[in-house]
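Novice: Protein chains in written order, with this note's numbering: chain A, 9 to 352; chain B, 9 to 352; chain C, 9 to 352.
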């Protein structure tokens, strides 16, 4: 499916030192354990260093410190300071994802007022509404919807059945996966004093920077007043929720099920692990990591790693015996204090 | 994008006392901090009262008790008992969401047996199956699917790429966001005695009341036998899961990631905060609030606020030291009891 | 909507002992409490045994041990060892879901290189890309997308607006609900050493076995290298996340919001309850149950039931008082130890 490349080409692209025949052809990428003839592997994790000795990979990307592990391995070496980054960089060469042809599919419905750049691919049944702007080299897979006045930056790739509402601005190089929804109404309602809810129309938009990846079934709501804002280089996994008027700083990462409630801000270079969530109206500074399943209930002003959620796994019988004691924790603490006082 | 309105019109609509020139034109809504010429702001939260003094808003909705905060502010006043509700009510006037034209887009596929009301807008690539009923003034955005015999009440608005299965009944005034799925099979399987699962066909439907809002990527499953039921005025955020045969009472609110497992009932005027979930086969009475990330594992018979989930945020090192002690809680409680007995 | 069947036919299909008129016609299925004339009910749960006495069902599936509960009930009996399984098996007969006609809807866009089997139904606006294979008796509802080279096994049913990327292989008898996304990129990025993320192209695929059900808005990501793999007979609820290179064993069940992070494996015949998640790079053996909201942070090598998440529900005031003590747990344990030492 993919083409083949000489080791020479690969080494030049990665700026790696090559030990082996520069003309050897590489036609695929695989793990150290599974790579065979014509395949390139990499060694980036100490845990797998012992797999090198018996690897049948045609070539391996590794760092100089792993050369002593070579042992029986007789393939070529591509020596780099950061083999994991090298693997990441070369991975695109072996991506079998088909490239859709440029042009507008006859079944697509593109409003006459929309502006479509050069070399754009608009797939079957895509709908592009009035005054939308699709920049050069974008690719929209079948069934996507782009609302009025929304903009998609240069080279963005939108997978099938993505929904983008009106007045959403997305920078260049975006990758947006199927089922993602950008610009739906934020969850804003005022109690009407008679037991019902009065909808607050969400009149802001969404502004997303360059080189942002957005996972499948992820939602980014439009602002109530003013915009929801995602910085440059932000990476977002599946099933993420970003509420109205949230701000996410450049290069932050949000794993699956992580979420940010309304009007909170996440700094730059932060990492929210799986299911890590922020409540609304708080601010988390740059360079914060929040561990899996943690709930951030207050602002964080100091970089570092924070947790609240992941209690230890036990057999259910043990868990129940211990968990019920959580209902007694305040009493336990008070009684302990009393005992301590009595003992002094 | 939106039109402009005189302060006179705004005050009359809100039934507010106007202090200022009734002919002043308002063309937008903004926050107290950001509102400028021609823009209306509101003051509803004590926290922002100090922003009033230097606001450059053309007019501000506020309550009489904030008049002393005016200070340098020289714009108009709209005085109301409930400024937040006033803001909510007027927000629709400034909503820039484009209104789709009435009519059936030529690419839409509407079964001949479906009944389509007056002034309905059916967007590109919408599919409406046999015997479906779309009442007057509904608007279906591109790519929606409406299954056989399903009904959509008057004035409902369905965003792009919503999926509604067969035999789903939705009341008037619904707002349903992209990626929502209503009427998918409940998760019902019987162990077949040989290690596999026998599917239980889900032959019930879904019945949704009037004025319900349903967020993006939210799922409401059809009943196994009988219907899943959502009351009037219920508001549901993104990524919510409502399982088969659940009943949700009127005017309850469910925030993002909240969920209700099979056959449970949630009362009226309840609030499930983010990620608050109910296990199956329990009943929660009216006027209950469940705090973020809590798991309701038993029925609740008394109105009030309940919690189980949000443990305090700590630095990860501190968290780990404390969390491991949860495995010792039962032992700690017993040892404390022993000490107390020994000290008596 | 559904047809009617004689009790004779029902008994023969279920291999049940029939007490009653074999010619009685059954036209529907309902609960013991609600079933009326012409309707079949079942008694599978001790909790509902008392409802039998006054049931107006035309016939009831039950086990011999419940015959003493009959009391006033005068309808027919279908006696079976496993009434719940019997109900599950017969449920298909009464499923009102409309069957789409075989054939390719004129609005569907099927690449000329795709292979479409016999008796296949391809709905409106479905898109099937190059070299895809749709086996006999499959049914694809409107708006689905099937990527290049992907395969769908015999008799699979795909609901509206499902997105299946390229190089995804799905076995026979699959049921996939709306909004599900299969084959989106795994969440793989390498830090580039300059504060940004380098995307790792996800060049593996997804391989799904036979008779798998996949819920609405569930995501199964493609592998980074090699495939993500789902066994035979696996059942997956809504909003589930299965990350790249995960392996799920045969007949395992995953309830709503459960998830498995990258490269972890779940054994056969496991059950993940709602919101039960596995972190990445761990292995869970066969026959493990993980309770609701638990986070599995390490490999499990012994079958059984495991928990970590569901802390007890309390009134919020009580919860807060106790939860804050979690921050003192390590101190409490140490102080208790000191007291114990002093008392010896």
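Using N, Cα and C, we set each Cβ at its ideal position, and we do this for glycine too.
Compare the Cα-Cα distances from residue 172 of chain A to each of A:43, A:129, A:213 and A:263 and report the closest residue.
Specialist: On the first chain, position 164 is the one that residue 172 of chain A refers to. Ranked by how close their Cα comes to the Cα of residue 172 of chain A, the residues A:43, A:129, A:213 and A:263 have A:213 in first place.
Novice: Please name the residue in C:269, C:293 and C:299 whose C-alpha comes closest to that of residue 283 of chain C.
Specialist: Taking the first residue of the third chain as position 1, residue 283 of chain C is located at position 275. Looking at the Cα atoms, C:299 is the closest of the given residues.
Novice: In whole angstroms, what separates the C-alpha of residue 265 of chain C from that of residue 254 of chain B?
Specialist: Locating residue 265 of chain C in the third chain gives position 257, where the first residue counts as 1. Locating residue 254 of chain B in the second chain gives position 246, where the first residue counts as 1. Distance between the alpha carbons of residue 265 of chain C and residue 254 of chain B: 17 angstroms.
Novice: Which residue or residues does DSSP assign as beta-bridge partners of residue 25 of chain C?
Specialist: Numbered from its first residue, the third chain carries residue 25 of chain C at position 17. Under DSSP, residue 25 of chain C shares a beta bridge with C:87.
Novice: Do residue 249 of chain A and residue 273 of chain A have their C-beta atoms within less than 9 angstroms of each other?
Specialist: Here the question's residue 249 of chain A lines up with position 241 in the first chain. Here the question's residue 273 of chain A lines up with position 265 in the first chain. No. Outside cutoff.
Novice: Quick check: is the beta carbon of residue 321 of chain A nearer than 9 angstroms to any beta carbon in chain C?
Specialist: Numbered from 1 along the first chain, position 313 holds the residue referred to as residue 321 of chain A. Chain C, which has a Cβ nearer than 9 angstroms to the Cβ of residue 321 of chain A, makes this yes.
Novice: Could you tell me which residues DSSP pairs with residue 210 of chain C in its beta bridges?
Specialist: Looking up residue 210 of chain C in the third chain gives position 202. Under DSSP, residue 210 of chain C forms no beta bridge with any residue.
Novice: Using a Cβ cut-off of 9 angstroms, which residues of the segment 157 to 168 of chain B contact any Cβ in chain A, in chain order?
Specialist: 167 and 168
Novice: Should residue 97 of chain A be flagged as near chain C, meaning a C-beta pair shorter than 9 angstroms?
Specialist: Sequence index remark: in the first chain, residue 97 of chain A carries index 89 (1-based). Cβ-Cβ to chain C under 9 angstroms: yes for residue 97 of chain A.
Novice: Which first and last residues belong to the beta strand (DSSP E) in which residue 337 of chain A is found?
Specialist: Residue numbering aside, residue 337 of chain A sits at position 329 when the first chain is read from its first letter. Careful: residue 337 of chain A lies outside any beta strand (DSSP E), inside the alpha helix (DSSP H) at 337 to 351.
Novice: Using 8 angstroms for Cβ pairs, my map puts residue 184 of chain C next to residue 222 of chain C. What's the rounded Cβ distance?
Specialist: Counting from one through the third chain, the residue named residue 184 of chain C turns up at place 176. Counting from one through the third chain, the residue named residue 222 of chain C turns up at place 214. Contact holds; Cβ gap of about 5 angstroms.
Novice: With distances taken from CA atoms, which of A:132, A:142, A:315 and A:70 is nearest residue 408 of chain A?
Specialist: In the structure as shown, chain A begins at 9 and stops at 352. Residue 408 of chain A is therefore absent and cannot be evaluated.
Novice: Considering only residues of the same chain and omitting the five flanking positions on each side of residue 127 of chain B, which have a CB-CB separation below 7 angstroms?
Specialist: As a first step, residue 127 of chain B is located in the second chain; it is residue number 119 there, counting from the start. The residues are 110, 144 and 145.
Novice: Grab me the residues of residue 44 of chain A's own chain with a C-beta within less than 8 angstroms of its C-beta, minus the 5 sequence neighbours each way, in chain order.
Specialist: Position 36 of the first chain, counted from the first residue, corresponds to residue 44 of chain A. Within the same chain, residue 44 of chain A has close Cβ partners 38, 64, 65 and 66.
Novice: Which residues, taken in chain order from the segment 115 to 126 of chain C, show a beta carbon closer than 9 angstroms to some beta carbon of chain B?
Specialist: Residues of the segment 115 to 126 of chain C whose Cβ lies closer than 9 angstroms to any Cβ of chain B, in chain order: 115.
Novice: Within the continuous alpha helix (DSSP H) that includes residue 331 of chain C, where are the two ends?
Specialist: Position 323 of the third chain, counted from the start, is the residue given in the question as residue 331 of chain C. Element bounds for residue 331 of chain C: 324 to 331.
Novice: Is DSSP giving residue 136 of chain A helix, strand or coil here?
Specialist: Taking the first residue of the first chain as 1, we reach residue 136 of chain A at position 128. In the structure shown, residue 136 of chain A adopts extended strand secondary structure according to DSSP, grouped into three states.
Novice: Can you tell me which of the three DSSP states residue 297 of chain C falls into?
Specialist: As a working mapping, residue 297 of chain C is identified with position 289 in the third chain. DSSP, read as helix, strand or coil, puts residue 297 of chain C in strand.
Novice: Closer than 9 angstroms, CB to CB, is residue 185 of chain C near chain A or not?
Specialist: Position 177 of the third chain holds residue 185 of chain C. Chain A contact via Cβ: absent.
Novice: Would you check if the distance between the CB atom of residue 281 of chain A and the CB atom of residue 302 of chain A is smaller than 9 angstroms?
Specialist: Along the first chain, one-based indexing puts residue 281 of chain A at 273. Along the first chain, one-based indexing puts residue 302 of chain A at 294. In contact: residue 281 of chain A and residue 302 of chain A (Cβ atoms closer than 9 angstroms).
Novice: For residue 145 of chain B, return the contacting residues in chain A, with the cut-off set at a CB-CB distance below 8 angstroms.
Specialist: Your numbering for residue 145 of chain B matches position 137 in the second chain. Within 8 angstroms Cβ-Cβ: nothing; residue 145 of chain B doesn't reach chain A, min ~16 angstroms.
Novice: Could you check whether the segment 23 to 30 of chain C touches the segment 44 to 54 of chain C, counting it as contact only if at least three pairs of C-beta atoms, one from each stretch, sit closer than 8 angstroms?
Specialist: no
Novice: Taking contact to mean at least 3 C-beta pairs separated by less than 8 angstroms, is the segment 20 to 27 of chain A in contact with the segment 113 to 124 of chain A?
Specialist: no
Novice: By the 10 Å Cβ neighbour count, where 16 or more other Cβ atoms means buried, how is residue 263 of chain C classified, buried or exposed?
Specialist: Stepping through the third chain from its first residue, residue 263 of chain C is reached at position 255. So residue 263 of chain C ends up on the buried side.
Novice: What residues match up with residue 205 of chain B in a beta bridge as DSSP calls it?
Specialist: Sequence index remark: in the second chain, residue 205 of chain B carries index 197 (1-based). BP columns for residue 205 of chain B point to B:199.
Novice: Taking only beta-carbon positions, decide if residue 326 of chain A is within less than 9 angstroms of chain B.
Specialist: Position 318 of the first chain, counted from the first residue, corresponds to residue 326 of chain A. Yes, residue 326 of chain A counts as interfacial toward chain B.
Novice: Taking only the alpha-carbon atoms, compute the straight-line gap between residue 21 of chain B and residue 196 of chain C and give it to the nearest angstrom.
Specialist: Residue numbering aside, residue 21 of chain B sits at position 13 when the second chain is read from its first letter. Residue numbering aside, residue 196 of chain C sits at position 188 when the third chain is read from its first letter. When rounded, the distance between both Cα atoms is 53 angstroms.
Novice: Is the beta carbon of residue 135 of chain B sitting closer than 9 angstroms to the one on residue 153 of chain B?
Specialist: Taking the second chain and counting its residues from 1, one reaches residue 135 of chain B at position 127. Taking the second chain and counting its residues from 1, one reaches residue 153 of chain B at position 145. For residue 135 of chain B and residue 153 of chain B, yes; Cβs fall inside 9 angstroms.
Novice: DSSP state of residue 171 of chain C, grouped into three classes?
Specialist: Along the third chain, read from residue 1 onward, the residue named residue 171 of chain C stands at position 163. In this structure, residue 171 of chain C counts as strand in the three-state DSSP scheme.
Novice: So residue 142 of chain A contacts chain B; which residues on that side make the cut at Cβ distance below 7 angstroms?
Specialist: On the first chain, position 134 is the one that residue 142 of chain A refers to. Those do not exist, as residue 142 of chain A stays about 16 angstroms from chain B at its closest Cβ, beyond 7 angstroms.
Novice: Going by DSSP, name the residue or residues bridged to residue 107 of chain C.
Specialist: What you label residue 107 of chain C is simply residue 99 of the third chain in a count that begins at 1. Secondary-structure assignment with DSSP links residue 107 of chain C through no beta bridge to anything.
Novice: Measuring CA to CA, which of B:123, B:129, B:325 and B:150 is closest to residue 133 of chain C?
Specialist: Here residue 133 of chain C corresponds to residue number 125 of the third chain, with the count starting at 1. Looking only at B:123, B:129, B:325 and B:150, the smallest Cα-Cα distance to residue 133 of chain C is reached by B:150.
Novice: Smallest Cα separation from residue 288 of chain A: which of A:308, A:276 and A:296?
Specialist: If you number the first chain from 1, residue 288 of chain A lands on position 280. The candidate whose alpha carbon is nearest that of residue 288 of chain A is A:308.
Novice: So which of C:237, C:279 and C:245 has the shortest CA-CA distance to residue 224 of chain C?
Specialist: Here residue 224 of chain C is taken as the residue at index 216 of the third chain, counted from 1. Nearest C-alpha to residue 224 of chain C: C:245.
Novice: Mind checking residue 277 of chain B: buried by the 16 CB within 10 Å criterion, or exposed?
Specialist: Here residue 277 of chain B is taken as the residue at index 269 of the second chain, counted from 1. With 16 or more other Cβ atoms within 10 Å, it is buried.
Novice: Is there a Cβ of chain B sitting closer than 9 angstroms to that of residue 9 of chain A, yes or no?
Specialist: Locating residue 9 of chain A in the first chain gives position 1, where the first residue counts as 1. At residue 9 of chain A the pLDDT is 43, less than 50, meaning the model places this residue with poor confidence; the figure from the coordinates comes in the next sentence. No, residue 9 of chain A does not count as interfacial toward chain B.
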